[in-house]
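Undergrad:
Number of protein chains: 2
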Amino acid sequence: MSLSMHAMTVGQFVPMLKNLTRILEKAEAFAATKKIEPGVLEGLRLAPDMLSFARQVQLASDFAKNSAARLAGVEPPKFEDSEKTLGELKARIARTIDYLETLTPAQLEGADARHIVVPLRTRTLEMDGLPFLQKWVLPNFFFHVTTAYALLRHVGVEVGKQDFLGSV
Amino acid sequence: MSLSMHAMTVGQFVPMLKNLTRILEKAEAFAATKKIEPGVLEGLRLAPDMLSFARQVQLASDFAKNSAARLAGVEPPKFEDSEKTLGELKARIARTIDYLETLTPAQLEGADARHIVVPLRTRTLEMDGLPFLQKWVLPNFFFHVTTAYALLRHVGVEVGKQDFLGSV
């Protein structure tokens, strides 16, 4: 395997999302053992003006599927952000992985030079594929996966760096 | 600019470490305004069995310089991990950036196929450059930068996602 835009997107996101699934399973086990009310873990935040745990997971999904689709030059699928439970968040991640696995190396060939346009809430992001990957896609994706992990770690779910990294 | 191992290491780490520097500056300003005792922010953790804020910054530095060096086939420089203050951590990051900027695209050419051997505490990590980048380098680097950010965010330092992403 050599370096490619497919390796840096699909090949980067899918294993990390599988790790996130196992982290969500540990959160489910923790909630069951401690009899934690539904919605408590899903609503965790490190600061009151921060997005909740559920949103962190949804955003990890969004940055993965939307970025890979845009780099492949196809319309990203819209997911509803209606997940309320850890189980639903796991299903969201599974759908994201299923979608990512439909994108082929050929579709992402040359995507480093593709002109990318992303409509944001307050502005439009416009740049070539490579800086898009470096400055937007990877930092945002890892930011939300790590923050989801940190929220669970903070409240005592038994997760460690190995869960974040997966088998390596 | 096209996709390369240099772009995915030096080109990824240097801007993120500059963002981390600005985050450290915001922490320094916060400590000054709130008259926070030296060592308090540096010792922050989200759980008692987690590494401190200072270690998160040192590890972000280590994963950046050590990984880029190994991928370039040169011996990574050893830094002492003696930083006790936010100012010293900023200097550590500056030294890391200076080192990264000595590594040329030519040195990292073909590094995706280079055989990498990393001595860890309890085992030896051994794999080709591309999986090393995907499974070890990028996840670890972003993990520690995000965790450092999250620790400050948690205690009220006025940092937001924009500080993490930098100008994009």
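Residue numbers (this note's numbering), protein chains in the order written: chain A, 5 to 172; chain B, 5 to 172.
By construction, the Cβ of each residue, glycine as well, lies at the ideal position given by its N, Cα and C atoms.
Bear in mind the structure is a predicted one, so any value in this text is a computation, not a measurement.
If you compare alpha carbons, which of B:115, B:46, B:77 is closest to residue 92 of chain B?
TA: Looking at the Cα atoms, B:46 is the closest of the given residues.
Undergrad: Mind pulling the chain A residues with CB within less than 8 Å of residue 19 of chain B?
TA: Here the neighbours are 138, 139.
Undergrad: In the DSSP assignment, find the unbroken beta strand (DSSP E) run with residue 37 of chain B in it and report its ends.
TA: From DSSP, residue 37 of chain B is part of no beta strand (DSSP E) but of the alpha helix (DSSP H) over 14 to 37.
Undergrad: Taking residue 176 of chain A as the query, report the chain B residues whose CB atoms sit under 8 Å from its CB, ordered along the chain.
TA: Here chain A has residues from 5 to 172 only, and residue 176 of chain A is not among them.
Undergrad: With C-beta atoms as the reference, is residue 63 of chain B less than 7 Å away from residue 148 of chain B?
TA: Against a cut-off of 7 Å, the Cβ pair of residue 148 of chain B and residue 63 of chain B comes out as a contact.
Undergrad: For residue 49 of chain A and chain B, any beta-carbon pair shorter than 7 Å?
TA: Taking Cβ atoms only, chain B never reaches closer than 7 Å to residue 49 of chain A, which makes this a no.
Undergrad: Taking just the CA atoms, how far does residue 94 of chain B sit from residue 18 of chain B?
TA: So the alpha carbons of these two residues sit roughly 13 Å apart.
Undergrad: Which full runs of the beta strand (DSSP E) of 3+ residues lie inside the region 99 to 138 of chain A, going along the chain?
TA: You should have 119 to 123, 128 to 132.
Undergrad: Please list, in chain order, the residues of the region 24 to 54 of chain B that have any C-beta partner in chain A closer than 8 Å.
TA: Against chain A - using a Cβ distance shorter than 8 Å - the residues of the region 24 to 54 of chain B are 50, 51, 54.
Undergrad: Flag this pair as yes or no: are the beta carbons of residue 30 of chain A and residue 161 of chain A separated by less than 7 Å?
TA: Yes, the pair counts as a contact, with Cβ atoms nearer than the cut-off.
Undergrad: For the region 110 to 126 of chain A against the region 37 to 52 of chain A, do three or more pairs of beta-carbon atoms, one drawn from each stretch, fall closer than 8 Å, so that the two count as touching?
TA: Not touching, per the Cβ criterion.
Undergrad: Starting from residue 134 of chain B, find everything on chain A with Cβ-Cβ shorter than 8 Å and list it in chain order.
TA: Simply 5, 6, 7, 11.
Undergrad: So, using beta-carbon positions, are residue 109 of chain A and residue 10 of chain A closer together than 7 Å?
TA: For residue 109 of chain A and residue 10 of chain A, yes; Cβs fall inside 7 Å.
Undergrad: For residue 157 of chain A, would you say it is in contact with chain B, using Cβ-to-Cβ distances shorter than 7 Å as the test?
TA: Cβ-Cβ to chain B under 7 Å: yes for residue 157 of chain A.
Undergrad: Using beta carbons (cut-off 7 Å, strictly below), is residue 16 of chain A in contact with chain B?
TA: Yes, its Cβ sits closer than 7 Å to a Cβ of chain B.
Undergrad: Specify the secondary structure class of residue 71 of chain A as computed by DSSP and reduced to three states.
TA: Residue state, collapsed to three classes: helix.
Undergrad: So is residue 163 of chain B buried or exposed if we call it buried at 16+ other beta carbons inside 10 Å?
TA: Label assigned to residue 163 of chain B: buried.
Undergrad: In chain B, which residues lie less than 8 Å from residue 146 of chain A when you measure between Cβ atoms?
TA: Residues of chain B passing the Cβ test: 142, 143, 146, 147, 150.
Undergrad: Taking Cβ-Cβ distances below 8 Å as the criterion, which residues of the region 97 to 118 of chain B are in contact with chain D?
TA: Given the protein chain composition of this structure (A and B), no chain D is represented.
Undergrad: From the DSSP output, in three-state form, read off residue 84 of chain B for me.
TA: In the structure shown, residue 84 of chain B sits in coil (DSSP, three-state: anything other than H, G, I, E or B).
Undergrad: Please classify residue 92 of chain B: does DSSP put it in a helix, a strand, or coil?
TA: Looking at residue 92 of chain B - three-state DSSP - the assignment turns out to be helix.
Undergrad: The alpha helix (DSSP H) spanning residue 53 of chain A covers which residue range?
TA: Careful: residue 53 of chain A lies outside any alpha helix (DSSP H) and carries neither H nor E.
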